[in-house]
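>
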Amino acid sequence: MGNFDVIVLGSGPGGYVTAIRAAQLGFKTAIVEKESLGGVCLNWGCIPTKALLKSAQVFQYLQHAEDYGLKAEGVDKDFNAVVKRSRNVADGMSKGIQFLMKKNKIEVLNGYGTVKPGKTISVKGEDGKETDYTAEHIIIATGARSRELPSLPQDGEKIIGYRKAMSLESQPKKMVVVGSGAIGIEFAYFYNAMGTEVTVVEFLPNIVPVEDEEVSKQLERSFKKSGVKIMTSSEVTKVDTSGEGVKVYVKTSKGEQVLDADIVLSAVGIKSNIENIGLEAVGIATDRDKIMVNDYYQTNIPGYYAIGDVTPGQALAHVASAEGILCVEKIAGMHVEPLDYGNIPGCTYCLPEVASVGLTEKQAKEKGHDIKVGKFPFSASGKAKASGASDGFVKVIFDAKYGEWLGCHMIGVGVTDMIAEAVVARKLETTGHEVLKAVHPHPTMSEAVMEAVADAYDEVIHL
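Letter by letter, the sequence shown follows residues 696 to 1158 in the numbering used here.
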């Protein structure tokens, strides 16, 4: 029996960040992990996918070298080498987490963790041996996995999830991506850029359906220009894997279509990892696949907490990290305020990139706001033109009466790095006029934010 102040179950970006903050606050801390430190994000999600996407971007740059007055002849790709680089990046990051655990004197308990009554976690090692550990505070951060549809059962060979999509042994000639959220769109971009014939099937009327409608339409245009086929308001009803490839039956407004492919990527969302971890035995309340928590991530059972994808907030790495920090700071008795889920940025790392925070134009109108909307296209940006990256725009939405920045929506090269300006400004309750009078450096892509705000207030210079 080992005793700790805090035990964290799961070492993803929620879990390991929570453990480090707990250790910083003086708690004797342990973390339980059944696979590799860093969880899905570092090993099979955020980080290795960005490595794949960077390879695709470099490949595209080389193919278009002449656009920059350069010559690059005989440009080709090595698909396996691209995958290997991605895995190496992930491995390096996971080793970095191991270092952070040692640095912060956090004990790593390798094995499958199950919560038990009496503030206890049982950890089953590879040898099958189970050991019980107790802690005053147990934080569940077990994350999520690829969700499966009954009409699209994953077999790991012809019908795959995101994990297999980043480690295929060979590049498919044809791929159907089902679902156009961030995961589906990023893989659609990667495989298309690498030369695979890609079709995206989306049930809703727009791709990236959580984004502002104008952003969705712009991304659809950009993708179609790159050769990606887009099918919206369409549903996969069944798949036939009996032949050499896959036949995908798609119900559309014009009737049924049958698509031929080598691989189908199911990217229809995620499923929380809440089964077989002892919730029922402890009596921890769940609802619709999520663990119920209060504003400080306490469950209904004292001493047990939950953060990240297993709770009702947005299933994003940066949300899980923020929740974990807030959770342990509350445990430590610090003054903390509940997380503002209305000010969480969302990013999609295709090309062009998509980034947003706050309300869409439609949502702002539905909430009854009298709004001012501004938009600045990168085609009017000197830096974007010089960079050969003039696709896209920045769109801003303000409350006309009070000047509150209600929403910001971007599509273009590098916008995932630019969105933080809007997040910080909204956190500080900055008004449109204050953003407008904050001098932005020239020439930069970030000027488009200032110009979009100027457009909302009829003061735009470069349009």
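C-beta: ideal position from N, C-alpha, C; glycine also.
Distance check for Glu728 and Gly683, CA to CA, integer angstroms please.
Lying before the first or after the last residue shown, residue 683 is absent from the chain, which here runs from 696 to 1158.
> Which term fits Val770, buried or exposed, when burial requires 16 or more other beta carbons within 10 angstroms of its beta carbon?
Under this definition Val770 is an exposed residue.
> Nearest-angstrom Cα distance between Asp957 and Lys868?
Approximately 7 Å, taken between the alpha carbons.
> Can you find at least 3 beta carbon pairs, one from the stretch 865 to 879 and one from the stretch 888 to 906, that sit closer than 8 Å?
Yes, the stretch 865 to 879 is in contact with the stretch 888 to 906.
> In angstroms, rounded to a whole number, what distance separates the CA positions of Gln755 and Leu748?
Looking at the two C-alpha atoms, the distance is approximately 11 Å.
> Buried or exposed: Glu1056, going by 16 or more other Cβ atoms within 10 Å of its Cβ?
When all chains shown are included, Glu1056 counts as buried.
> Suppose the cutoff is 7 Å on Cβ atoms and the five residues either side in sequence are ignored; what does the same chain contact list for Cys1022 look like?
Only Thr713, Ile834, Tyr991, Tyr992, Tyr1000 and Ile1002 meet the Cβ criterion.
> Assign Asp1150 to one of two classes, buried (16 or more other C-beta atoms within 10 Å of its C-beta) or exposed (fewer than that).
Buried, since its Cβ has 16 or more Cβ neighbours within 10 Å.
> Quick check: the stretch 1105 to 1115 against the stretch 1132 to 1148, are there 3 or more CB pairs under 8 Å?
Contact holds: three or more Cβ-Cβ distances are below 8 Å.
> Out of curiosity, what's the CA-to-CA distance linking Glu975 and Glu1129?
Taking the straight line from one Cα to the other gives about 51 Å.
> Using a Cβ-Cβ cut-off of 8 Å, state whether Lys933 counts as contacting chain C.
Protein chain content of the structure displayed is limited to a single chain, and chain C is not contained in it.
> Suppose the cutoff is 8 Å on Cβ atoms and the five residues either side in sequence are ignored; what does the same chain contact list for Val1052 look like?
Cβ within range, chain order: Asn1038, Ile1039, Pro1040, Gly1041, Gly1102, Cys1103, Ile1114, Ala1117, Val1118 and Arg1121.
> Starting from Ala956, trace the beta strand (DSSP E) in both directions and tell me its first and last residue.
Ala956 -> beta strand (DSSP E) spans Gly950 to Ala956.
> Helix, strand or coil: which one does DSSP assign to Cys1045?
Three-state DSSP puts Cys1045 in coil, outside helix and strand.
> Quick check: the stretch 920 to 938 against the stretch 887 to 899, are there 3 or more CB pairs under 8 Å?
In short, these stretches touch, since the Cβ pair count reaches three.
> With a threshold of 8 Å on Cβ separation, who are the neighbours of Pro997 within its own chain once the five nearest residues in sequence on each side are excluded?
Same-chain partners within the cutoff: there are none.
> State buried or exposed for Ile1156, treating a residue as buried only when at least 16 other CB atoms are found within 10 Å of its CB.
With fewer than 16 other Cβ atoms within 10 Å, it is exposed.
> At the level of alpha carbons, what is the spacing between Leu1123 and Ser911?
Rounded to the nearest angstrom, the two C-alpha atoms are 28 Å apart.
> Measure from the alpha carbon of Pro743 to the alpha carbon of each residue in Glu761, Val777, Ala717 and Thr724, then state which is nearest.
Minimum Cα distance to Pro743 is reached at Val777.
> Helix, strand or coil, according to DSSP, for Arg1121 in the structure here?
Helix at Arg1121.
> Just checking, does the stretch 1055 to 1073 make contact with the stretch 1085 to 1097 on the three C-beta pairs under 8 Å criterion?
Segments in contact, yes.
> Excluding sequence positions up to five away, which residues of its chain have a Cβ less than 6 Å from the Cβ of Ser1076?
Cβ neighbours of Ser1076 beyond the five flanking positions: Ala1143.
> Determine the extent of the alpha helix (DSSP H) in which Ile880 is found, giving its start and end residues.
Start and end: Ala877 to Ala888.
> When the Cβ atoms of the stretch 781 to 795 are set against those of the stretch 697 to 705, are three or more pairs found closer than 8 Å?
Counting Cβ pairs under 8 Å, fewer than three are found: no touch.
> Over what stretch of residues does the alpha helix (DSSP H) that includes Pro743 continue unbroken?
Per DSSP, Pro743 belongs to the alpha helix (DSSP H) from Cys741 to Gln758.
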